[in-house]
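Heads up: the structure comes next, in structure tokens.
2 protein chains.
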Amino acid sequence: MNYINFDKTLAYAKLRELAANYRGKEVFNKLDGARVRSCNVPAGAGLTYNYAAKNLDDTVLGVLRVLAHEQDLIGKYKLLLDGEVMNTGENRKVLHHLLRGQLGKDVIYEGKNLGAFYKNELERFAVFAADVHAGKVTGGTGKRFTTAVQIGIGGSDLGPRALYLALESWARKEGKAKLAARFISNVDPDDAAAVLAPLDLESTLFILVSKSGTTQETLANELFVKDKLKKAGLNPAKHLLAVTSETSPLAHNSDYLDSFYIDDFIGGRYSATSGVGGVILSLAFGADVFKEILNGAREADKAALEPDLLKNAALLDALIGVWERNFLNYPYTAVLPYSQALSRFPAHLQQLDMESNGKSVNRAGVKVDYATGPVVFGEPGTNGQHSFYQLLHQGTDIAPLQFIGFAESQLGEDVEVDGSVSQTKLKANLAAQIIAFAKGKASENPNKNFEGGRPSSLIYGRRLTPAALGALLAHFENKVMFQGFVWNLNSFDQEGVQLGKILTKQVLTAKGASGDSALDEYSKLLGV
Amino acid sequence: MNYINFDKTLAYAKLRELAANYRGKEVFNKLDGARVRSCNVPAGAGLTYNYAAKNLDDTVLGVLRVLAHEQDLIGKYKLLLDGEVMNTGENRKVLHHLLRGQLGKDVIYEGKNLGAFYKNELERFAVFAADVHAGKVTGGTGKRFTTAVQIGIGGSDLGPRALYLALESWARKEGKAKLAARFISNVDPDDAAAVLAPLDLESTLFILVSKSGTTQETLANELFVKDKLKKAGLNPAKHLLAVTSETSPLAHNSDYLDSFYIDDFIGGRYSATSGVGGVILSLAFGADVFKEILNGAREADKAALEPDLLKNAALLDALIGVWERNFLNYPYTAVLPYSQALSRFPAHLQQLDMESNGKSVNRAGVKVDYATGPVVFGEPGTNGQHSFYQLLHQGTDIAPLQFIGFAESQLGEDVEVDGSVSQTKLKANLAAQIIAFAKGKASENPNKNFEGGRPSSLIYGRRLTPAALGALLAHFENKVMFQGFVWNLNSFDQEGVQLGKILTKQVLTAKGASGDSALDEYSKLLGV
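Below is the structure:
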């Protein structure tokens, strides 16, 4: 396989040339019903990606197709599926797709079939969850578990939390709600204290999630929780699970009721479909629901293998993003789900994207000369419309937008006001925003003038079900992966978080004499 | 008063010249304990703003001082306090400071002293809250209210919600927790349904918040709630309050238990210190706590009157932001509170900043030729460290950072692990991040190389109390106001949200024949 920097491709030069004379407004002027209909691409599990309101014409699209071939994006994805070491910096395979089912060759590592290993862990925690639901596994006093609390940070928190919130209402509606789920992440002791305050510890099961078993925040919160359990006269070993790697200090440890395993080939931000997300989601909704998420993700993973750019939603989304980032020079992207259930999905995508592609060196560790991953932010609509959309509509800079919407609500409870129900209003707002951003509206009063020309895409489906959610998650994982391939990055390490860790340790051990007087002074200001 | 565009000032030209030859790295090289000590500026209520790790030298600072004089930033602030029509587009005064106490002349409008009016409303809802706490005001069945649910969107949601979450734990610790608070904002019917599901309606008091009384989302959610109340056999008029303007259809209306008033001079995103935030916060924590918030805000408002730039935290923060936005060309700013209680404070600041200064025309409605408000995003630390900080440390672009931290936790519950308690770890992480971003660390391995040169500021205090929270809120309101003055904007209107409203109405009434085939097709895709 050939790995070259983006700016060494022929497509790069051609796109630069096109961008120099690009008249984006014409695309938006041509945005009509026929264009909307012609820009639908299936994204798996009933989801569709629509790029009609994106700022690119057929010429650009043609060069993006060349780019996909030049960088052999599908070929690289296949290599990844087959177990190639794609996390070059850490010398690791990248196997989160395998959690959802096998799409490539058998992946064998040190004599172990990893697909079988992941499947086995999935079945183990499915059984465990069923035992909890059946009351076979209980807390130390024999009381049934009613709440599961995940203790984890970063990828052990954001993805699982976003998925739980996305399905909490759905599960209640569908009679699938088993345990309530809560999350403790921050080393700020107020986080754990606030989460624990309203809970009945006797009926609470804690899930400690750390691949390495050495995450500072998570271990501190574990002790916080154990302390509370002991003070309540409970045996922590009857109330704690671990999700970790087999080589971590948490593994095979009688301090935990049980332990479930992942390995180094499942990166934190890609771990929502492993036990990291699976244990708590199976406890909350049942393992069948979690498996539906996996099925949806697998559908999206399969869809991402499609070689035809115009039929591959993740690939197209990725390449349009590159066009916007490197040639239209937009430094950020907003994620705008019109679904309250997706309230924390943007925070998950923020990690997924910014931690994967917020890099300045290529996969071989050499500095690149082009922009890489954008800043990602977002909040649900219609809330955002009454907040930061002002800047998106009339600010001096343009932000590409990623809308997400569903035909039906999750709970189906609704009221009619002024001739329409709320769900209809929600969708009408979404459709209206796409057009408002794209086409704008001229006014003689410049304060009421909307220039338009603000590009957006739309991912839509019938209803936010577990399968749709899995596909949505995987769509973005694959989009980010393809962009990493274009930019010739290693999207699977995160060296950028290390320096902070080292300096923190220095502060904690040096106690005011770290050797850096500024660091000591900041510590002093904060009363460290 | 002289209102001129930013690029017509002498300071603008000078700053452009300075930026062309600016060697930012030297500032970071000089970052030592003495510089940290010399860069502390009081921000009110015990908060301090520190700009030692910002990327500017004394020469730049000198020109920023000139800019403050040229644009007469303090003079304009005083005019605003005195009741001048600063919201030019809507021909309105801008009076949120007056909610916290009078710092300028008496503001009389149509014969009414508005300071007295705001104070009277404050006392009215203080009495009302006390009556609820005393059980004098109860629900329709005589049951005491235990939960207050705010129904509002945008400024009627984000600020009040951020403030409630910021003090929820503090109040429990201090014995000030009275009612629980919940929030319904989105027109997505799943939002209201999910919030209502676990509640005992008999003991729930709803607060309908809409200045105009015509907000689509809020009225839809009101009906949703009324419907639920009726189905539960309860009289909605015994369970609903309104916070609105006296000219709205919600005013003086027997459908509500009581109504509290604001007016057109309190903009939505600036309304957290009016009844919009005050009613629910007084119900949740008691009016004395809300008044402490006002006192803190007032202290920050007073601090913002200081003419000496180096002693005025909000002014300095504003001008440094302008230097970063217009001359160092950073398109975004991250807000990073090291306090879990401030989990939704970044979302409030996102609205405050982006809706106020995300404009392309000046206060007279003429297009400007320079960048205005940045994109604002953020999440609490240390969570963010395990998420998007990778890009902040090693991405190809630089994002200025706004850290916030406190010496003490709110709840004071903590555990020691490896020789330090969690609160100490939290603060050590914060100090370490500032240095890591500023100074970086050279490595022969480019993947482990940190270039540094990434600027940040720090706002710190002893503990996140109501007064500190009020000062923090007002600090940012005043920062955004000063930046608007520099850019010669009207920071107090939001015309950018109007077009979406119009098109939404078109979708809802035209039912597939809006006259725009693209709009109709998007509506169809979504099943409108």
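Top to bottom, those sequences are chains A and B.
With the first letter of the first sequence counted as 1, position 506 gets the number 1378 in the numbering used here; the numbers rise by one all the way through.
With the first letter of the second sequence counted as 1, position 465 gets the number 1337 in the numbering used here; the numbers rise by one all the way through.
Glycine included, every Cβ here is placed at the ideal spot set by N, Cα and C.
> Grouping DSSP H, G and I as helix and E and B as strand, with all else coil, what is arginine 909 of chain A?
Replying inline: The residue labelled residue 909 of chain A in the question sits at position 37 within the first sequence. Three-state DSSP puts arginine 909 of chain A in a helix.
> Which ranges would you report for the beta strand (DSSP E) in the stretch 932 to 1009 of chain B if only whole runs of at least 3 residues count?
Replying inline: none
> How is leucine 1273 of chain A classed by DSSP in three states: helix, strand or coil?
Replying inline: On the first sequence, residue 1273 of chain A is found 401 positions in, with the first residue counted as 1. Here leucine 1273 of chain A sits in strand by DSSP.
> Ends of the beta strand (DSSP E) at isoleucine 1134 of chain B?
Replying inline: On the second sequence, residue 1134 of chain B is found 262 positions in, with the first residue counted as 1. Taken as a continuous stretch (DSSP letters only), the beta strand (DSSP E) holding isoleucine 1134 of chain B covers 1130 to 1134.
>> I need the straight-line Cα distance from glycine 1150 of chain A to aspartate 1392 of chain B, nearest angstrom please.
In response: For this step, residue 1150 of chain A is matched to residue 278 along the first sequence. For this step, residue 1392 of chain B is matched to residue 520 along the second sequence. Approximately 40 Å between the Cα atoms of the pair.
>> Tell me which residues share the same chain as valine 1293 of chain A and place their Cβ nearer than 8 Å to its Cβ, disregarding the 5 neighbours each side in the sequence.
In response: Translated into positions along the first sequence, residue 1293 of chain A becomes position 421. Contacts found: Asp1286, Val1287.
> Under 8 Å between C-beta atoms, does glutamine 1274 of chain B make it to chain A?
Replying inline: By 1-based counting over the second sequence, the position of residue 1274 of chain B is 402. Chain A, which has no Cβ nearer than 8 Å to the Cβ of glutamine 1274 of chain B, makes this no.
>> Can you tell me where the beta strand (DSSP E) holding glycine 1268 of chain A begins and where it ends?
In response: Within the first sequence, residue 1268 of chain A is the residue found at index 396, counting from 1. One detail in the question is off: residue 1268 of chain A reads as threonine in this sequence, not glycine. No beta strand (DSSP E) holds threonine 1268 of chain A; DSSP gives it neither H nor E.
>> Comparing C-alpha positions only, which one of A/Tyr923, A/Arg937, A/Asp1225 sits nearest to leucine 882 of chain A?
In response: Here residue 882 of chain A refers to the residue found at position 10 of the first sequence. Out of A/Tyr923, A/Arg937, A/Asp1225, A/Arg937 has the C-alpha closest to the C-alpha of leucine 882 of chain A.
> the ligand PLP heavy atoms versus the CB of threonine 1086 of chain A: any closer than 7 Å?
Replying inline: As far as ligands go, the structure on display features none, and thus does not contain the ligand PLP.
> Which one of B/Gly1387, B/Asn1362, B/Gly1342 has the shortest CA to CA distance from asparagine 877 of chain B?
Replying inline: The sequence position of residue 877 of chain B within the second sequence is 5, counting from 1. Selection B/Gly1387, B/Asn1362, B/Gly1342 evaluated against asparagine 877 of chain B yields B/Asn1362 as nearest (Cα-Cα).
> What do you get for aspartate 1029 of chain A, buried or exposed, if any count of 16 or more other CB atoms within 10 angstroms of its CB means buried?
Replying inline: Within the first sequence, the letter at position 157 stands for residue 1029 of chain A. Flag for aspartate 1029 of chain A reads buried.
>> For histidine 1220 of chain B, count the other beta carbons within 10 Å of its own beta carbon; 16 or more makes it buried, fewer makes it exposed. Which is it?
In response: Along the second sequence, one-based indexing puts residue 1220 of chain B at 348. Per the 10 Å Cβ criterion, buried.
> Are at least three pairs of beta-carbons, each pair with one atom in the stretch 1252 to 1262 of chain A and one in the stretch 1071 to 1091 of chain A, less than 8 Å apart?
Replying inline: no
> Going by the beta-carbon positions, is the gap between alanine 1066 of chain B and serine 1281 of chain A smaller than 8 Å?
Replying inline: For the purposes of this step, residue 1066 of chain B is identified with residue 194 of the second sequence, where counting begins at 1. For the purposes of this step, residue 1281 of chain A is identified with residue 409 of the first sequence, where counting begins at 1. No, Cβ-Cβ distance for alanine 1066 of chain B and serine 1281 of chain A is not below 8 Å.
> Between which two residues does the alpha helix (DSSP H) carrying alanine 1064 of chain A extend?
Replying inline: Locating residue 1064 of chain A in the first sequence gives position 192, where the first residue counts as 1. Run containing alanine 1064 of chain A: 1061 to 1068, per the alpha helix (DSSP H) assignment.
>> Strictly by DSSP, which residues pair up with asparagine 922 of chain A?
In response: Residue mapping note: residue 922 of chain A aligns to position 50 of the first sequence, counting from 1. A/Asn912, A/Leu1330, per the DSSP bridge assignment.
> Applying a beta-carbon distance threshold of less than 7 Å, which residues of chain B neighbour glutamine 1262 of chain A?
Replying inline: For this step, residue 1262 of chain A is matched to residue 390 along the first sequence. Going along chain B in sequence order, the residues near glutamine 1262 of chain A (Cβ under 7 Å) are Met1226, Glu1227, Gly1230, Gln1366, Gly1368, Val1369.
> Measuring CA to CA, which of B/Ala1390, B/Thr931, B/Ser1395, B/Leu1398 is closest to phenylalanine 900 of chain A?
Replying inline: The count along the first sequence starts at 1 and reaches residue 900 of chain A at position 28. Ranking B/Ala1390, B/Thr931, B/Ser1395, B/Leu1398 by Cα distance to phenylalanine 900 of chain A puts B/Ala1390 first.
> Given a threshold of 16 other Cβ atoms within 10 Å of its Cβ, counted over all protein chains shown, does tyrosine 949 of chain A qualify as buried or as exposed?
Replying inline: Residue mapping note: residue 949 of chain A aligns to position 77 of the first sequence, counting from 1. By the Cβ-count criterion, tyrosine 949 of chain A is buried, with 16 or more other Cβ atoms from all chains shown falling within 10 Å of its own Cβ.
> Between which two residues does the beta strand (DSSP E) containing serine 1154 of chain B stretch?
Replying inline: Position 282 of the second sequence holds residue 1154 of chain B. Careful: serine 1154 of chain B lies outside any beta strand (DSSP E), inside the alpha helix (DSSP H) at 1147 to 1157.
> Which of helix, strand or coil does DSSP assign to glutamate 1089 of chain A?
Replying inline: As a position in the first sequence, residue 1089 of chain A is number 217, starting the count at 1. In this structure, glutamate 1089 of chain A counts as helix in the three-state DSSP scheme.
> Does the stretch 1042 to 1061 of chain A touch the stretch 1013 to 1028 of chain A, meaning 3 or more C-beta pairs lie closer than 8 Å?
Replying inline: Output reads yes: the stretch 1042 to 1061 of chain A touches the stretch 1013 to 1028 of chain A.
> Under 8 Å, do alanine 1043 of chain A and phenylalanine 1157 of chain A count as touching if we go by C-beta distance?
Replying inline: Mapped onto the first sequence, residue 1043 of chain A falls at position 171. Mapped onto the first sequence, residue 1157 of chain A falls at position 285. Result yes, Cβ atoms of alanine 1043 of chain A and phenylalanine 1157 of chain A sit closer than 8 Å.
> If you draw a straight line from the alpha carbon of alanine 1308 of chain B to that of isoleucine 1134 of chain B, how long is it in whole angstroms?
Replying inline: Stepping through the second sequence from its first residue, residue 1308 of chain B is reached at position 436. Stepping through the second sequence from its first residue, residue 1134 of chain B is reached at position 262. The alpha-carbon atoms of alanine 1308 of chain B and isoleucine 1134 of chain B are separated by roughly 46 Å.
> With a Cβ-Cβ cutoff of 8 Å, do tryptophan 1195 of chain A and leucine 887 of chain A count as a contact?
Replying inline: As a first step, residue 1195 of chain A must be located in the first sequence, where it is residue number 323. As a first step, residue 887 of chain A must be located in the first sequence, where it is residue number 15. Result yes, Cβ atoms of tryptophan 1195 of chain A and leucine 887 of chain A sit closer than 8 Å.
> Does the beta carbon of asparagine 1319 of chain A sit closer than 8 Å to a beta carbon anywhere in chain B?
Replying inline: Walking along the first sequence from the start, residue 1319 of chain A turns up at place 447. Judged by the 8 Å Cβ criterion, asparagine 1319 of chain A is in contact with chain B.
>> On the DSSP bridge list, what partners appear for alanine 1053 of chain B?
In response: Position 181 of the second sequence holds residue 1053 of chain B. Paired residues: B/Ala1020.
>> Could you tell me the alpha carbon to alpha carbon distance between leucine 1345 of chain A and lysine 977 of chain A, rounded to whole angstroms?
In response: What you label residue 1345 of chain A is simply residue 473 of the first sequence in a count that begins at 1. What you label residue 977 of chain A is simply residue 105 of the first sequence in a count that begins at 1. Computed Cα separation, rounded: 23 Å.
> At a CB-CB cut-off below 7 Å, which residues of chain A make contact with asparagine 1058 of chain B?
Replying inline: Stepping through the second sequence from its first residue, residue 1058 of chain B is reached at position 186. In chain order: Gln1212, Pro1252, Thr1254, Asn1255.
> For arginine 937 of chain A, which residues in chain B fall below 7 Å Cβ to Cβ?
Replying inline: In the first sequence, the residue the question calls residue 937 of chain A occupies position 65. None at all; the shortest Cβ gap to chain B is about 24 Å.
>> So for leucine 1208 of chain B, helix, strand or coil by DSSP?
In response: Taking the first residue of the second sequence as position 1, residue 1208 of chain B is located at position 336. Strand.
>> Could you check whether the Cβ of lysine 1313 of chain B sits closer than 8 Å to any Cβ belonging to chain A?
In response: One-based indexing of the second sequence puts residue 1313 of chain B at position 441. Chain A, which has a Cβ nearer than 8 Å to the Cβ of lysine 1313 of chain B, makes this yes.
> Do you know offhand how far phenylalanine 997 of chain B's Cα is from glutamate 1164 of chain B's?
Replying inline: Mapped onto the second sequence, residue 997 of chain B falls at position 125. Mapped onto the second sequence, residue 1164 of chain B falls at position 292. Cα to Cα, phenylalanine 997 of chain B sits roughly 15 Å from glutamate 1164 of chain B.
>> To be precise: take each residue of the stretch 907 to 925 of chain B, compare its Cβ to all Cβ atoms of chain A, and keep it if any distance is under 9 Å. Which residues remain?
In response: Arg907, Val908, Arg909, Asn912, Thr920, Asn922, Ala924, Ala925
>> If the cut-off is 9 Å on Cβ atoms, which residues from the stretch 1282 to 1302 of chain A count as contacting chain B, listed in chain order?
In response: Gln1282, Leu1283, Gly1284, Glu1285, Asp1286, Val1287, Glu1288, Val1289, Asp1290, Gly1291, Ser1292, Val1293, Ser1294, Gln1295, Thr1296, Lys1297, Leu1298, Lys1299, Ala1300, Asn1301, Leu1302
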